[in-house]
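Note that the sequence shown ends on residue 180 in the working numbering; no numbers are left out.
Ideal Cβ positions, reconstructed from N, Cα and C, are used throughout, including at glycine.
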Amino acid sequence: MESVPRPAETPAPPRTSRRDFYLAAIYGLWSLMAAALSLPALIYLLLPPKLRKESDWVEVGDISALQPEVPVEMVFRRNRIDGWKVISEKSTAWVVKRSLNQVVAFGPQCTHLGCAYHWDETKNEFICPCHTSVFSVDGKVVSGPAPRPLDRYVAKVENNKLFLGALHESEPGA
Ligand code: FES
Numbered sequence: 007m008e009s010v011p012r013p014a015e016t017p018a019p020p021r022t023s024r025r026d027f028y029l030a031a032i033y034g035l036w037s038l039m040a041a042a043l044s045l046p047a048l049i050y051l052l053l054p055p056k057l058r059k060e061s062d063w064v065e066v067g068d069i070s071a072l073q074p075e076v077p078v079e080m081v082f083r084r085n086r087i088d089g090w091k092v093i094s095e096k097s098t099a100w101v102v103k104r105s106l107n108q109v110v111a112f113g114p115q116c117t118h119l120g121c122a123y124h125w126d127e128t129k130n131e132f133i134c135p136c137h138t139s140v141f142s143v144d145g146k147v148v149s150g151p152a153p154r155p156l157d158r159y160v161a162k163v164e165n166n167k168l169f170l171g172a173l174h175e176s177e178p179g180a
């Protein structure tokens with residue numbers, strides 16, 4: 007018996023069912039939502055804490071009312087970068103006006119063990135109550151266990167405004 011030649015089989019075109027279409031749409035929407043949610047997290051994780059540089063100078067205040075050689079404790083805020091956080095910290099400086107545009111700003115901690123000291127108007131001296139270190143108006147050790155003069159901020163005055171930079175540790179016997 008003679009066989010009838012069969013037409014060459016051609017692969018059937020892939021059929022997209024309604025189910026496949028819905029699955030593709032759902033996966034597509036999930037992908038979009040995942041991208042939208044993860045993008046801010048990626049930006050947060052991959053970018054440096056800020057390409058900001060901490061400003062070297064902090065404006066502390068107007069010094070036009072200060073009397074020469076009369077220390078005043080001035081309060082200011084300074085930003086500090088801690089890992090990914092920027093922390094605004096309160097700080098103080100004992101500011102002594104020397105002349106119109108010249109000031110000295112001392113760090114607020116005693117150089118013995120870091121207690122807060124204060125200005126004693128009657129004695130004209132800085133006194134630390136912890137172990138009775140005494141400093142002169144120019145920050146030198148007068149008496150007590152403090153091993154070195156008061157630390158000083160880098161300072162500048164512009165239009166009667168005081169700006170402070172880094173706090174420098176003083177040298178013993180300076
Ligand atoms: S901490 Fe100031 S004298 Fe000790």
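Between the CA atoms of residue j and residue i - distance to the nearest angstrom
i, j, result
"lysine 96", "aspartate 62", "16 Å"
"glutamate 131", "valine 147", "10 Å"
"serine 23", "serine 94", "60 Å"
"leucine 106", "phenylalanine 169", "14 Å"
"valine 102", "tryptophan 125", "11 Å"
"aspartate 157", "tyrosine 50", "38 Å"
"glutamate 177", "alanine 71", "31 Å"
"lysine 91", "lysine 129", "43 Å"
"serine 6", "alanine 161", "The displayed coordinates of the chain run from 7 to 180. Any statement about residue 6 would go beyond what the structure contains."
"alanine 47", "tryptophan 36", "17 Å"
"threonine 138", "proline 114", "15 Å"
"methionine 39", "arginine 84", "40 Å"
"isoleucine 69", "phenylalanine 112", "15 Å"
"tryptophan 100", "histidine 118", "17 Å"
"glutamate 65", "valine 140", "29 Å"
"glycine 89", "arginine 25", "49 Å"
Other residues of its chain near residue i: CB distance less than 8 Å, five sequence neighbours each side excluded
i, result
"glycine 67", "Met80, Phe82, Lys167, Leu168"
"alanine 172", "Asp62, Tyr159, Val160"
Cβ shell of residue i (< 6 Å), same chain only, five flanking positions each side left out
i, result
"cysteine 134", "Cys116, Cys121, Tyr123"
"proline 153", "Pro178"
In DSSP terms, what residue i is bridged to
i, result
"glutamate 164", "Lys167"
"serine 149", "Val140"
"arginine 158", "Phe112, His174"
Residues near residue i in its chain [Cβ-Cβ closer than 7 Å; skip 5 each side]
i, result
"methionine 7", "In this prediction, methionine 7 has a pLDDT of 48, which is less than 50 and means its spatial position is unreliable; what the coordinates show is noted afterwards. Hits under 7 Å: none found."
(request) Could you name each continuous alpha helix (DSSP H) segment of 4 residues or more that falls completely within the region 27 to 95, going from the start of the chain to the end? (result) none
(request) Can you list the residues near ligand 1, meaning Cβ strictly closer than 5 Å to any non-hydrogen atom, in the order they appear in the chain? (result) Cys116, His118, Leu119, Cys121, Cys134, Cys136, His137, Ser139
(message) Report the start-end ranges of each beta strand (DSSP E) in the region 94 to 135 that is 3 residues or longer and not cut off at the edges.
(response) 108 to 112, 124 to 126, 131 to 134
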